[in-house]
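Colleague:
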Amino acid sequence: MANNERADFAAELARRRAEAGLSYGELATAAHTSRGYLHHVEHGRRWPSRPVVRALDAALGADKALLGRWALGEIGGRPARTASAGSSSPSLQPADAELALVSTADESARFLGWAEVSNVGDLTVEQMHTDVRQIAHSYLKVPTLPLFARARAARDQAFALLAGRQRPGQSRDLHAVAGWSLTLLAWISTDLGQSDAADTHARAAWLCANNADHNGLRAWVRATQHTMAFWDHRYADAAGYAADGLNYATAGSAEALLASAWALDLAKAGRADEARAAFTGARTAVETTDQAGDELTGPFTCSADRAGGFWSDVHLALGAPADALVEADRAVAAFEAMPEPRRNHGSERMVRLQQVRAHLALGQLDGAQEAITPVLNTAPEHRVRPLLQRCAEVYLQTSAYPDEPTIRGMREALTVFRHDTVVQELSP
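In this text, residue positions in the sequence shown follow numbering that gives the first Met the number 0: the first is 0, and each later residue adds one.
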C-alpha cells in the first residue's frame, strides 16, 4: 500500500466486512464488483475508484465512513505536483476533500472520547489502596493463608484494570497498588517457605514500583528482598538489597528498618567493623523516623521495638549476648506497652526468641524458659518460616545443656511446636 492512509482504508474495509458477517462473494455482489477485485482491495494490492467505494460503503451501512477513509488515502496516495509547465495531476474532488476533513475530525473526536474514558475511577483506586492497607495491617494477626488469597485478589484486580485504559495518573496509582500487593505476596511467600515464588513476586513488584515512580514502594521491595536473602543465609546479597533500599527510603520508617537490617547483614557476613558503623547509623535512623509517613503498616513499618530485634541479633552475631539481652528486654517491654491495634505480634515473637538465645548464651536457663513460653503459645497458622528457623537456632543452642531438666522440657516443646505449622500445611 502506498501510505498509511491507504493501509488504514483496507483494514477498515476488512473490519467492517467481518463485522457484517459477509463473505468476499456476498459483499462483491452487493457492491456490484467482483470477488477477486474485492480481495485485492482488502489486501492493499488495488486502489478502488470513488464509485466502487461508495457502493461498498452503502452495502456495509458505513454511513460514509469508508468514503472518508478512502478520501484520506486518495490525498496521501497521489504524487506531488511538479512546477514544470504543462504538468498536471488529477485533483481531488471538492466532495472528497470535504469527506477527508470530516473523517479526520471524526477520528480526532473518537480519540478524545477514548482518552477521556477510563476503565477505573478514582474511588476504585482509593478502595484498592484501602484493601491493601487492611491486608498489611492484619498480617500475623489473622490466619495467613486467607490473607495470601486476599493479596492475590488485589494484585489480580490491579492487573486486570491495567490491561484496560486509564489516565496516566491512574495508571501510576494502579501500578502502585499492584506493586504493594506483589510485595505482600513476596513477604508472605517468604514466610511460608516458598523462596522461588517470593523472588518472582518481588521482581514484579520492583517493575511496578518503577512504573509508578514510587520511592516508598521501592524501599520496601528492597526490604522484602533483604528478608528473602537473609532467611536463605545469603547475607552478602541481603546486605546489598538493604544498602540499595536506603537510597529510596526518603519518608516513613523504611530507613529505620533498612539501616538496622544492613547492620545485621554485615554482622552475619563477618564484617564486624562495618556492622558496628552501620549499627550507629541505624540508631540515628530510628531516632529520626516518622511512622506517620508509612503508606502501609504490618510488615511495612518499623518502630523502635521492631528495630530492637535487629539490634539484639547484631549483638549476638558480634558475640555480645549481654548487650543483646538488654536490647531484647527493652524491645519486648515496648511491645507489651503498645496498644493492641498497633502491636506487631510477629516481630514480638522474634524478639522474644532473641531473649531466649541471649539467656542461653549467658547460662540463664530459667530466664530462657520464661522468655520462650509466650512464643510456644503461638497458633499454628502464625508459625511461619522465620519463626521456625529461629526456633531451630534455639533448639541447637540448647544442646549445650544436655542434662538440665528445664532444657529437656524446652526441647520437647520445640519439637512439638515445629511439627504443627502453617508451613506444614503447604507441604506435599
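Beta carbons: idealized from backbone N, C-alpha and C, even for Gly.
Should the segment 187-201 be regarded as contacting the segment 168-177, the criterion being three or more beta carbon pairs within less than 8 Å?
Modeller: Contact fails: fewer than three Cβ-Cβ distances are below 8 Å.
Colleague: Could you check what DSSP says for E411 in three-state terms: helix, strand or coil?
Modeller: Three-state result, E411: helix.
Colleague: Flag Q363 as yes when its Cβ comes closer than 7 Å to any non-hydrogen atom of the ligand SAM, and as no otherwise.
Modeller: Ligands in the displayed structure: none, and consequently the ligand SAM is not present.
Colleague: For K63, does the three-state DSSP call read helix, strand or coil?
Modeller: Note: K63 maps to coil in three-state DSSP.
Colleague: Do the CB positions of R151 and I134 come within less than 8 Å of each other?
Modeller: No, Cβ-Cβ distance for R151 and I134 is not below 8 Å.
Colleague: Throw me the rounded Cβ distance for the Q368 and T405 pair, which I believe falls under 8 Å.
Modeller: About 5 Å; that satisfies the 8 Å criterion.
Colleague: Would you call V141 buried or exposed, if buried means 16 or more other Cβ atoms sit within 10 Å of its Cβ?
Modeller: V141 should be labelled exposed.
Colleague: For a test of the three-state rule: what should DSSP assign to A153, helix, strand or coil?
Modeller: Helix at A153.
Colleague: Less than 8 Å between the CB atoms is what I'm expecting for S311 and A327, so what's the real figure, rounded?
Modeller: At roughly 4 Å, the Cβ-Cβ gap stays under 8 Å, so S311 and A327 are in contact.
Colleague: Measuring alpha carbon to alpha carbon, tell me which of S180, F334, D293, A360 ends up nearest A323.
Modeller: The candidate whose alpha carbon is nearest that of A323 is A360.
Colleague: Give a yes or no on whether the C-beta atoms belonging to V285 and A306 are separated by under 8 Å.
Modeller: Contact flag set, yes.
Colleague: Just how far apart, CA to CA, sit T420 and A357?
Modeller: Between T420 and A357, the C-alpha separation is close to 25 Å.
Colleague: Report buried or exposed for N343, applying the criterion of at least 16 other Cβ atoms within 10 angstroms of its Cβ.
Modeller: Buried.
Colleague: Taking the alpha-carbon positions, what's the A248 to E392 distance?
Modeller: The alpha-carbon atoms of A248 and E392 are separated by roughly 31 Å.
Colleague: To the nearest whole angstrom, what separates the beta carbons of E254 and L265, a pair I think is in contact under 8 Å?
Modeller: So it is not a contact: roughly 16 Å between Cβ atoms.
Colleague: Figure out for me which residue from D62, R132, N210 has the closest Cα to the Cα of G168.
Modeller: Checking every option, the nearest Cα to that of G168 belongs to N210.
Colleague: Whole angstroms is fine: what's the gap from E411's alpha carbon to L317's?
Modeller: C-alpha separation (whole angstroms): 29 Å.
Colleague: Should T182 and T226 be called a contact, given that it needs their Cβ atoms to be closer than 8 Å?
Modeller: Result no, Cβ atoms of T182 and T226 do not sit closer than 8 Å.
Colleague: Any idea if E67 is buried or exposed, counting beta-carbon neighbours within 10 angstroms, 16 or more meaning buried?
Modeller: Checking the sequence shown, residue 67 turns out to be Gly, not Glu. Buried: at least 16 other Cβ atoms inside 10 Å.
Colleague: Do you know offhand how far L144's Cα is from L184's?
Modeller: Each residue's Cα considered, the two are about 11 Å apart.
Colleague: For R5, is the classification buried or exposed, using 16 other Cβ atoms within 10 angstroms of its Cβ as the cut-off for buried?
Modeller: By the 10 Å Cβ count, R5 comes out buried.
Colleague: May I have the straight-line CA-CA distance separating A157 from D231, to the nearest angstrom?
Modeller: Answer to the nearest angstrom: the Cα atoms are 30 Å apart.
Colleague: Just tell me which of E41, A399, A203, A30 has its CA closest to the CA of R53.
Modeller: R53 has its Cα closest to that of A30, out of E41, A399, A203, A30.
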